[in-house]
Amino acid sequence: MTEVGLFIVLFAALFLGWAMGRKNSVKKPKRDKKSVPPDYFRGLNHLLNDQHSEAIDAFVDSLEVNSDTFDIHLTLGNLFRKKGEIQKAINVHQNLLARPEITQREMRMVQLELASDFMSAGLLDRASRLLLNMATASKKSEFHSKILTLLVDLYEFEQSWDKAIQISSELIKDSPTKKEIKRLAHFHCEMAEILSKKEQWKEAFQHYKQALGVDPSCVRASVGAANVLSSQRRYRDAIKELKQVAEQDPEFISIIIPQLKDCYQRVWGGSGFIKFLQEQNQKKPSAALILALAQHYMEDDKEYAEMFLVEQLRSHPTLKGFRELINLQMRDSRGQNQQHLEVLFELIDQLAQVKPQFQCRQCGFSGYQLHWQCPSCKNWGVVKPIHGLEGE
Ligand SMILES: [Zn+2]
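Written as structure tokens, this is what we have:
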């Protein structure tokens with residue numbers, strides 16, 4: 001619905017709300033037909049002149065708060081917040097809270113909206129105080145999950161990972177949604193990264209394991225755990241962790257290849273590494289796997305490496321693969337042929353380099369580096385390597 005459409009619906013709802021409020025106030029003497037509140041017409045005038053904020057102000061003034069108009073006041077407050085007019089949203093919601101006639105359920109609804117207002121205004125202390133009081137007072141209420149979700153949002157925004165973990169764990173006991181489970185695993189990973197920077201390896205490793213306990217499909221936790229193990233020269237264990245990624249999500253295989261190669265070279269001279277790459281390439285080919293295999297074949301047999309690359313490119317064409325094929329061809333060519341291949345290589349290289357490598361599967365945000373939390377939609381674990389001609 002467009003903004004104007006929304007305002008027209010609100011306008012109609014307000015009129016209905018006013019009419020119902022008027023109808024229900026049976027004890028009051030009958031009003032004259034002309035007694036529609038003057039603020040209502042003021043609001044209508046602002047609406048017709050596209051002065052939407054002034055229109056909402058006037059509508060709020062024109063309506064008394066009662067059980068019929070409660071929802072409209074709540075919606076108007078939310079509308080102010082969505083339009084970025086936070087102080088007005090706070091005023092509307094605080095005005096509702098001050099009414100003695102609202103029920104306890106309505107009071108909780110308003111408090112939740114007020115907490116969102118405080119968060120939007122950056123008043124995080126006030127928001128957390130309000131939400132913590134609500135969480136204690138309404139443990140078994142229908143709003144408990146919503147209160148905890150807002151608290152987790154707040155601690156995530158503050159990057160208070162320990163508090164976020166505590167409340168998120170409580171939330172998951174109440175309502176274990178896939179999104180919240182994923183989010184809790186990433187909070188553990190955030191804690192683990194901070195601890196890794198302080199070289200508190202044992203504690204960091206525990207958090208990665210807790211992340212995997214919460215969400216066994218958390219690629220970030222496996223990669224992080226492998227990093228901790230590598231830093232302690234436990235390469236065999238690191239290999240096990242890295243190989244887990246292929247089971248968790250094969251789309252991430254490209255991000256583990258360099259580290260996996262390094263670990264294998266330190267313990268078994270790399271032979272198991274090639275077998276692993278071949279198995280994975282059979283299951284789900286990617287540019288990273290094909291290039292790593294081609295580079296390995298190059299060490300013994302250049303002709304076979306080229307044949308392998310051409311064969312793979314037929315079934316799985318990628319810019320990176322073509323670039324590597326031209327690179328191999330350039331090594332043997334001379335004179336004008338070499339010059340032509342160099343131009344072609346530079347062209348494809350530039351094309352491959354300007355293409356984003358990662359994309360959010362939720363909102364489509366794309367970029368050159370892997371973000372575990374999408375910078376655009378703020379969801380966790382939704383940015384993945386791009387596959388297809390321009391990617392993997
Ligand atoms: Zn996104």
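FYI, full-length UniProt numbering numbers position 343 of the sequence shown as 343, with every residue one higher than the one before it. Cβ atoms here follow ideal geometry from the backbone N, Cα and C, with glycine treated the same way.
Residues Leu-328 of the same chain have their beta carbon placed closer than 6 Å to that of Glu-306, with the five preceding and five following residues left out of the count.
Within its own chain, the residues whose Cβ lies closer than 6 Å to the Cβ of Asp-237, once the five positions on either side in sequence are excluded, are Leu-229, listed in chain order.
Distances between the C-beta of Ser-366 and the heavy atoms of ligand 1 are all 7 Å or more. DSSP places Pro-385 within a strand segment (E or B) once states are collapsed to three. Sixteen is the threshold: since fewer than 16 other Cβ atoms of the shown chains lie within 10 Å of the Cβ of Gln-353, the residue is exposed.
By a beta-carbon distance limit of 8 Å, Leu-325 does not contact Val-343. Their separation comes to about 15 Å. Counted as a single uninterrupted DSSP element, the beta strand (DSSP E) harbouring Gln-359 occupies residues 358 to 360. Proximity of the segment 359 to 367 to the segment 282 to 295 falls short of the contact definition, fewer than three beta-carbon pairs being nearer than 8 Å. Between the segment 75 to 84 and the segment 110 to 121 there are three or more C-beta pairs closer than 8 Å, enough to call the two in contact. Gly-84 carries a coil assignment under DSSP once its states are collapsed to helix, strand and coil.
Judged by DSSP secondary structure, Cys-189 falls within the alpha helix (DSSP H) whose first and last residues are 178 to 197.
Excluding five sequence positions before and after Ser-222, the CB atoms of its chain that fall closer than 6 Å to its own CB belong to Glu-241, Gln-244 and Val-245, given in chain order.
Out of Ser-138, Phe-187 and His-144, the CA that lies nearest to the CA of Ser-160 is found in Phe-187. Counting along the chain, Lys-355 sits inside no alpha helix (DSSP H), nor does DSSP assign it H or E at all. Beta-bridge annotation (DSSP): Gly-367 is paired with Phe-358. In the DSSP annotation of this structure, Glu-392 is not part of any alpha helix (DSSP H), being labelled neither H nor E. Shown here, Gln-373 sits in a strand according to DSSP, grouped into three states. In the displayed model, Trp-268 falls within coil according to three-state DSSP, outside both helix and strand. Taking C-beta separations shorter than 7 Å and ignoring five residues to either side along the sequence, the partners of Glu-390 in its chain run Leu-319 and Lys-355, following chain order. Non-local beta-carbon contacts of Ala-288 in its own chain, meaning distances under 7 Å to residues more than five positions away in sequence, involve Ile-253, Ser-254, Ile-257 and Glu-392 in chain order.
Annotation: Gln-369 to Trp-268 spans about 31 Å, alpha carbon to alpha carbon. In the DSSP assignment, Trp-380 forms a beta bridge with Gln-373. Annotation for Ile-102: no alpha helix (DSSP H) segment contains it, and DSSP assigns it neither H nor E. Straight-line measurement puts the Cα of Met-107 at about 11 Å from the Cα of Met-134.
Apart from the 5 residues on each side of it in sequence, Ile-165 sits with its Cβ closer than 6 Å to the Cβ of Phe-187 in its chain, given in chain order.
Rounded to whole angstroms, the gap between the alpha carbons of Thr-136 and Phe-205 is 33 Å. Cβ contact annotation for Asp-215 (same chain, cutoff 7 Å, sequence separation greater than five): Ile-181, Lys-182 and Ala-185, in chain order.
Leu-96 sits away from Leu-131, with the two beta carbons spaced by 8 Å or more.
For ligand 1, no non-hydrogen atom lies closer than 7 Å to the CB of Asn-227. Relative to the non-hydrogen atoms of ligand 1, the Cβ of Gln-362 comes within a distance shorter than 7 Å of at least one. The alpha-carbon of His-371 is positioned some 19 Å away from that of Leu-212.
Taking C-beta separations shorter than 8 Å and ignoring five residues to either side along the sequence, the partners of Phe-358 in its chain run Ser-366, Gly-367, Tyr-368, Gln-369, Leu-370, His-371, Val-383, Lys-384, Pro-385 and Ile-386, following chain order. Sequence-distant Cβ neighbours of Cys-377 in its own chain, meaning closer than 8 Å and more than five residues away, are Cys-360, Gln-362, Cys-363 and Phe-365.
Counting every other CB atom within 10 Å of its CB across the protein chains shown gives Gln-210 a total of 16 or more, marking it as buried.
With a cutoff of 8 Å on beta-carbon distance, Ala-226 and Gln-259 are scored as near each other.
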